[in-house]
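Student:
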Amino acid sequence: MMDSQTQLIPELQHWHSQGQYWSWQGHRWFYGEQGQGPALVLIHGFPSACWDWQYLLPTLNQRFRVVYLDMLGFGFSDKPVVAYDLCQQADAFEALCQQLGIEEAHLIAHDYGDSVAQELLARQNGGEAKVRWRSAALLNGGLFPDAHQPLLIQKLLASGIGPYIAPLIGEAAFRRSLNKIWGKQPPSETELTGLWQLMSVNQGQRALPYLIRYMHQRRVHQQRWFDALDQSQIPITLIDGVDDPISGHSLVNYFADHLPQHPIVRLNGVGHYPQLEAPERVLDALNQFWDTAVGAEVTE
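For what it's worth, this note's numbering labels the leading residue of the sequence shown as 75, then goes sequentially.
#1: What is the rounded straight-line gap between the Cα of G93 and the Cα of L170?
#2: Identify whether R250 lies in helix, strand or coil by the three-state DSSP scheme.
#3: Counting only beta-carbon separations shorter than 8 Å, does R280 have a partner in chain C?
#4: What are the start and end residues of the alpha helix (DSSP H) that includes L130?
#5: Does the beta-carbon distance from L341 to P348 come in below 8 Å?
#6: Using the Cα positions of M75 and L272, report the straight-line distance between them to the nearest angstrom.
#7: Classify H16 as buried or exposed, calling it buried when 16 or more other Cβ atoms lie within 10 Å of its own Cβ.
#8: Do Y284 and V368 have their CB atoms nearer than 8 Å?
#9: Do the segment 285 to 304 and the segment 117 to 134 meet, that is, are 3 or more Cβ pairs less than 8 Å apart?
#10: Quick one: is A281 buried, meaning 16 or more other Cβ sit within 10 Å of its Cβ, or exposed?
#11: Please confirm if the segment 300 to 319 is in contact with the segment 353 to 360, defined as three or more CB-CB distances below 8 Å between the two stretches.
#12: Would V190 be called buried (16 or more neighbouring beta carbons within 10 Å of its own) or exposed?
#13: Return helix, strand or coil for G215, following the three-state DSSP convention.
#14: Do you know offhand how far F138's Cα is from G234's?
#15: The alpha helix (DSSP H) with D188 in it runs from where to where?
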């Protein structure tokens, strides 16, 4: 539930009105669904929320039943000060799909969400999945720890002083960090304000040093999550904004060298948030992927 003091920009007020809350494991999770057809699950990144998908939704919901969720610690969902676990976030997506009667679905993931998607695919490879995943499109993210280049603020938050630094993060510093990772087209005022509000609502800064422990979890699960992509039998693609200093060229090169069986779409001039920076190019890449690699599985 949102802070009563939070004055959201109109765009976020509208977004919030389109979703609803789901109670699971003692917390309230914000989610939404739009459209009809085969199910498509969207998994957002750090430190934002499912609002990241706003520009893609009007097109995606013409083809799919789209389900999106603010993970625990993000957006309009609860933000407890607890030890966060990427595997628990994966549990939440499986549980929500079961709640909604979804037995199979396609995936799109970004950033932090890529790791959640890798865990879901690892479960599928091991015969342990509660949802049958039909395809996965991955956007910029730390798929491989060796190719991930975190910002200084991410390193500080992940360190022992993280809990002391997090409450000091203000809007100006947050905006500077976003501008550093965008491509040629800078973020709009609405995007900057909206992402700040989504991160800070419900005293979200407090949760940041606990959320960012995902970087350590990626190391722990490094082989399992690499195998999730390498051994998967479903269509997988990487759509990457290569001007991203965190997961641009370094990610693309590593992916091409180690997973040559999966296609890559390189978006020049685009940074860390392709779905916000170049939504039409992302949609073009997605449609080509679904029409060719996935084919009849989408248009069933």
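All residues carry an ideal CB built from backbone N, CA and C; glycine is no exception. A quick note: this is a predicted structure, and the numbers were derived from the prediction, not measured.
Tutor: According to the structure data:
#1: 14 Å
#2: helix
#3: Absent here is chain C; the protein component of the structure consists of one chain.
#4: Per DSSP, L130 belongs to no alpha helix (DSSP H) and is neither H nor E.
#5: yes
#6: Note that M75 has pLDDT 49, beneath the 50 cutoff, so the model's placement of it is unreliable and the number below is only indicative. Those two C-alpha atoms are separated by around 12 Å.
#7: Any answer about residue 16 is impossible in this case: the structure gives the chain only from 75 up to 374.
#8: no
#9: yes
#10: buried
#11: yes
#12: buried
#13: coil
#14: 43 Å
#15: 186 to 199
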